[in-house]
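Here is the structure we will look at.
Chains as they are written, first to last, in my numbering: chain A, 1170 to 1281; chain B, 239 to 349.
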């Protein structure tokens, strides 16, 4: 049972390059989320998708776009990467009715 | 919006001792409070959660308490073991299942 799978695990970009982070879940969850984790700041919500076909901004959406491709997949795109976007990115999913969120193992992104 | 404060940021205990991590939240509408454990290079893993209609919940060596009036909740780990060493995050959720996380506590259990 894979749970939440994120690809790639590591990536180095140059300032201005674009990149799409992929996330897929096999738990038939309706809701999916993208977070970034920076030292000492916990996890901050970038975007979320409450159900297939909907997306909404979280706490720190600037510089990012998302696509809910289908019920399983939720991608995060950086159109023009900036050094401030160097972080660890986590995808999560949850069922309906306040069910717990389950996380992937993250993508470690460095922007030079 | 919701604001979650977590203390302490680091905690060092001897194996076998208890560890307590505390969190406060600001939004009285929050009704779900999970705790996550994050090991190096891994994603956060849910270890226990509590909803606002319950004051305490236990699972073996782990317990969580909730004080809705004071808007704080705590994680208690008894008989700590070296494998409990990790970063622990509290979170609070109200409307729409959105989680707001605390800043994390690095727990070190010394053998």
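Idealized CB from N, CA, C, for every residue including glycine.
Between the beta-carbon of residue 318 of chain B and that of residue 253 of chain B there is about 6 Å, and that keeps the pair under the 8 Å contact cut.
Here the C-alpha atom of residue 1248 of chain A lies approximately 15 Å from the C-alpha atom of residue 1279 of chain A. Taking the Cβ atoms as the reference, residue 311 of chain B lies roughly 13 Å from residue 327 of chain B, outside the contact range of under 8 Å. At least 8 Å separates the CB of residue 313 of chain B from every CB of chain A.
Chain B has a Cβ within less than 8 Å of the Cβ of residue 1263 of chain A. Contiguous beta strand (DSSP E) elements confined to the region 246–299 of chain B occur at 248–252, 257–263, 270–276, 283–289 and 294–297, taking only those with 3 or more residues. In this structure, the alpha-carbon of residue 282 of chain B lies about 15 Å from that of residue 1268 of chain A.
With distances taken between CA atoms, residue 308 of chain B lies nearest to B:264 out of B:264, B:244, B:249 and B:245. Against chain A, the beta carbon of residue 284 of chain B has neighbours under 9 Å at 1269, 1270, 1271 and 1272, listed in chain order. Taking the C-beta atoms as reference points, residue 1238 of chain A is found no nearer than 8 Å to residue 1203 of chain A. For residue 1198 of chain A, there is no enclosing beta strand (DSSP E), as DSSP marks it with neither H nor E. Around the beta carbon of residue 298 of chain B, fewer than 16 other beta carbons sit within 10 angstroms, so the residue counts as exposed. Residues of the region 1178–1206 of chain A with a C-beta atom less than 7 Å from some C-beta of chain B are 1200, listed in chain order. DSSP places residue 1263 of chain A in the strand class (E or B) of the three-state scheme.
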